[in-house]
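First residue of the sequence shown: 150, per the numbering used here; consecutive thereafter. A quick write-up on the structure given underneath.
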Amino acid sequence: MNDKQSKSIALISVHGDPAVDIGKEEAGGQNVYVRQVGEALARQGWQVDMFTRASEPEQPKIVQHSENCRTIRLVAGPEEFVPRDEIFGYCHDFVSALLEFKDQENKEYSLIHTNYWISGWVGLQLQQKLSIPVVHTYHSLGAVKYKSISTIPMIASTRLTVEKDCLEQADCIVATSPQEKEHMRSLVSSKGNIAIVPCGTDIERFGAINRDEARKSLGIAADTKVVLYVGRFDKRKGIETLVRAVSNSSWHNDSRLQLIIGGGSRPGRSDGIERERIEGIVAEVGMTEKTIFPGRIGDEELPVYYAAADVCVVPSHYEPFGLVAIEAMASGTPVIASDVGGLQFTVVNEQTGLLAPPKDVAAFSQAIERILNDSQWQKQLGTNARKRVEEKFSWSGVASQLNDLYLRLIKQEPSSLSQASA
Ligand code: UDP
Numbered sequence: 150m151n152d153k154q155s156k157s158i159a160l161i162s163v164h165g166d167p168a169v170d171i172g173k174e175e176a177g178g179q180n181v182y183v184r185q186v187g188e189a190l191a192r193q194g195w196q197v198d199m200f201t202r203a204s205e206p207e208q209p210k211i212v213q214h215s216e217n218c219r220t221i222r223l224v225a226g227p228e229e230f231v232p233r234d235e236i237f238g239y240c241h242d243f244v245s246a247l248l249e250f251k252d253q254e255n256k257e258y259s260l261i262h263t264n265y266w267i268s269g270w271v272g273l274q275l276q277q278k279l280s281i282p283v284v285h286t287y288h289s290l291g292a293v294k295y296k297s298i299s300t301i302p303m304i305a306s307t308r309l310t311v312e313k314d315c316l317e318q319a320d321c322i323v324a325t326s327p328q329e330k331e332h333m334r335s336l337v338s339s340k341g342n343i344a345i346v347p348c349g350t351d352i353e354r355f356g357a358i359n360r361d362e363a364r365k366s367l368g369i370a371a372d373t374k375v376v377l378y379v380g381r382f383d384k385r386k387g388i389e390t391l392v393r394a395v396s397n398s399s400w401h402n403d404s405r406l407q408l409i410i411g412g413g414s415r416p417g418r419s420d421g422i423e424r425e426r427i428e429g430i431v432a433e434v435g436m437t438e439k440t441i442f443p444g445r446i447g448d449e450e451l452p453v454y455y456a457a458a459d460v461c462v463v464p465s466h467y468e469p470f471g472l473v474a475i476e477a478m479a480s481g482t483p484v485i486a487s488d489v490g491g492l493q494f495t496v497v498n499e500q501t502g503l504l505a506p507p508k509d510v511a512a513f514s515q516a517i518e519r520i521l522n523d524s525q526w527q528k529q530l531g532t533n534a535r536k537r538v539e540e541k542f543s544w545s546g547v548a549s550q551l552n553d554l555y556l557r558l559i560k561q562e563p564s565s566l567s568q569a570s571a
């Protein structure tokens, strides 16, 4: 195998299109992860093809991001938005379309990296057909998710089976935090290989603007106390906890307080419905005048919002990793986060921010007060946060770790791959 072939990878993200705008319904951390990993790998000499499902007929079928990195949209099922729990039925078509594309272009891949269980199933089919190593990242584990919701969807048993197969049969699983690895071992299977490689963030983009400039550009006064949320409108993100926590804090009646809730939504869709519900709660607790909903925050503005904030709050009920936390930290802003999942890995309690039990309004309220009441400490937490991201979570560092893992897997004999266990 020559070097060009040995560094050629198919990144598969059936439902998370890496080429779309982020921050809207079902487009969040996974899309960012795949896109950033793809681009960073290309800079390290990989030929990167990122495969996703075409979900709008007018979208281009191929998007070239850089010389060696492109998104390929395969037709599998209707070219329209399909909720992720319903996409599994089109996965056979996705596998066929990918193989057809590969043959037409005469492409050989040396490795496949799949994202989320739906793509994981696709990866296991391709592993059989192509005899190349498959790496999988879960992004979310059914076994964890189903513990926190009351209505279990029809697809649950299929998902749990596929997730177990992935862990036991893929050549390696990438856990993005030690906490996620623990969950895989305790809830999914004791078999299979697991490597820990965190998610990353762009440490040049986040942190490029200082607080004063950021506030000037957003028209926020120097003495305003800004509490920021960034993310999708989804009940599991816990925005309600944040609104109630701010409202219960001693800052509620202070005219300097500003709550910013950033994220896209479409009327009538699940995120539009959640945004309406949150707006209702904001009105109920008397915070309408102090709260801004800027909508989806684009790539250019995101670093500005993070830099302008006094504190960024990530109140998720569960979070396998949580990119927003490290983006805020890279921008020198302390984070208050739920004491769950990957947030326990990224946010160091009392050093880069504070952790609070999920859904615990009183604990979030107290944490917000502690940070807003002590500007000196807030600054110190922000400085520590930036340092932690520089040391652990830069995309180039993450891509180097993936590069080493991939090359190790490619060099191993297929038989030793399937027998290895962590
Ligand atoms: N995001 C964005 N604009 C928005 C809201 C969110 O670009 O208005 C991005 C955010 O910066 C982050 C991603 O969406 O990179 C969300 O990832 P995270 O892991 O925090 O949550 P997920 O959406 O995967 O649950």
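Glycine included, C-beta positions come from ideal geometry on N, C-alpha and C.
Go through the residues and name those whose CB comes closer than 6 Å to any heavy atom of ligand 1, in chain order. Ile171, Gly172, Gly177, Gly178, Gln179, Val181, Val379, Gly380, Arg381, Gly411, Gly412, Gly413, Arg445, Ile446, Leu451, Phe470, Gly471, Leu472, Val473 and Glu476
With three or more C-beta pairs closer than 8 Å as the rule, is the segment 420-435 touching the segment 479-496? no
Kindly confirm or deny that the segment 445-453 and the segment 352-360 touch, where touching means at least three C-beta pairs closer than 8 Å. yes
Extent of the continuous alpha helix (DSSP H) to which Lys313 belongs: Taking the sequence shown and counting its residues from 1, the one referred to as residue 313 is at position 164. Note, Lys313: alpha helix (DSSP H), Ala305 to Gln318.
Which residue comes first and which comes last in the alpha helix (DSSP H) that contains His332? For this step, residue 332 is matched to residue 183 along the sequence shown. His332 -> alpha helix (DSSP H) spans Pro327 to His332.
Should Pro464 and Ala394 be called a contact, given that it needs their Cβ atoms to be closer than 9 Å? Numbered from 1 along the sequence shown, position 315 holds the residue referred to as residue 464. Numbered from 1 along the sequence shown, position 245 holds the residue referred to as residue 394. In this structure, Ala394 lies closer than 9 Å to Pro464 by Cβ.
Could you spell out where the alpha helix (DSSP H) holding Cys461 opens and where it closes? Here residue 461 refers to the residue found at position 312 when the sequence shown is read from its first residue. Note, Cys461: premise wrong, no alpha helix (DSSP H); beta strand (DSSP E) at Val460 to Val463.
Quick check on the burial criterion: 16 or more other C-beta atoms within 10 angstroms. Buried or exposed for Phe230? Within the sequence shown, numbered from 1, the residue matching residue 230 stands at position 81. It is exposed - the Cβ of Phe230 has fewer than 16 other Cβ atoms within 10 Å.
Under 9 Å between C-beta atoms of Thr310 and Val283: Against the sequence shown, residue 310 aligns to sequence position 161. Against the sequence shown, residue 283 aligns to sequence position 134. No. Outside cutoff.
Find the nearest neighbour of Lys439 within the set Lys278, Gly481 and His401, judged by alpha-carbon distance. Here the question's residue 439 lines up with position 290 in the sequence shown. That would be His401, whose Cα lies nearest to the Cα of Lys439.
From the DSSP output, in three-state form, read off Ser570 for me. Taking the sequence shown and counting its residues from 1, one reaches residue 570 at position 421. Low per-residue confidence applies at Ser570: pLDDT is 38, beneath 50, and the placement is therefore not dependable enough to give any value.
For Ser564, which three-state DSSP category applies? Here residue 564 refers to the residue found at position 415 when the sequence shown is read from its first residue. With a pLDDT of 43 at Ser564, under the threshold of 50, the predicted position of this residue should be treated as unreliable, though the coordinate-derived value follows. In the structure shown, Ser564 sits in a helix (DSSP, three-state: H, G or I).
Exposure of Ile221, with buried meaning 16 or more beta-carbon neighbours within 10 Å: Taking the first residue of the sequence shown as 1, we reach residue 221 at position 72. That one is buried.
Between the CA atoms of Thr325 and Gln179 - distance to the nearest angstrom: Residue mapping note: residue 179 aligns to position 30 of the sequence shown, counting from 1. Residue mapping note: residue 325 aligns to position 176 of the sequence shown, counting from 1. Each residue's Cα considered, the two are about 12 Å apart.
Using the three-state DSSP reduction, which class does Phe470 fall into: helix, strand or coil? The residue labelled residue 470 in the question sits at position 321 within the sequence shown. Here Phe470 sits in coil by DSSP.
Same chain only: Cβ atoms within 8 Å of Tyr258, ignoring 5 sequence neighbours per side: Start at 1 with the first residue of the sequence shown, and residue 258 comes out as number 109. The answer, listed in chain order, is Ser157, Ile158, Ala159, Asp198, Lys251, Leu279 and Ile281.
Complete runs of the alpha helix (DSSP H) confined to the segment 241-313 [at least 4 residues]: 265-279 and 291-294
What span of residues does the alpha helix (DSSP H) with Tyr454 cover, start to end? Residue mapping note: residue 454 aligns to position 305 of the sequence shown, counting from 1. Start and end: Leu451 to Ala457.
Could you pull out every unbroken beta strand (DSSP E) segment of at least 3 residues lying fully inside the segment 187-211, listed in chain order? 196-202
Just to confirm, are Gly272 and His288 a CB contact at a threshold of 9 Å? Numbered from 1 along the sequence shown, position 123 holds the residue referred to as residue 272. Numbered from 1 along the sequence shown, position 139 holds the residue referred to as residue 288. No.
Complete runs of the beta strand (DSSP E) confined to the segment 471-527 [at least 3 residues]: 484-487 and 502-505
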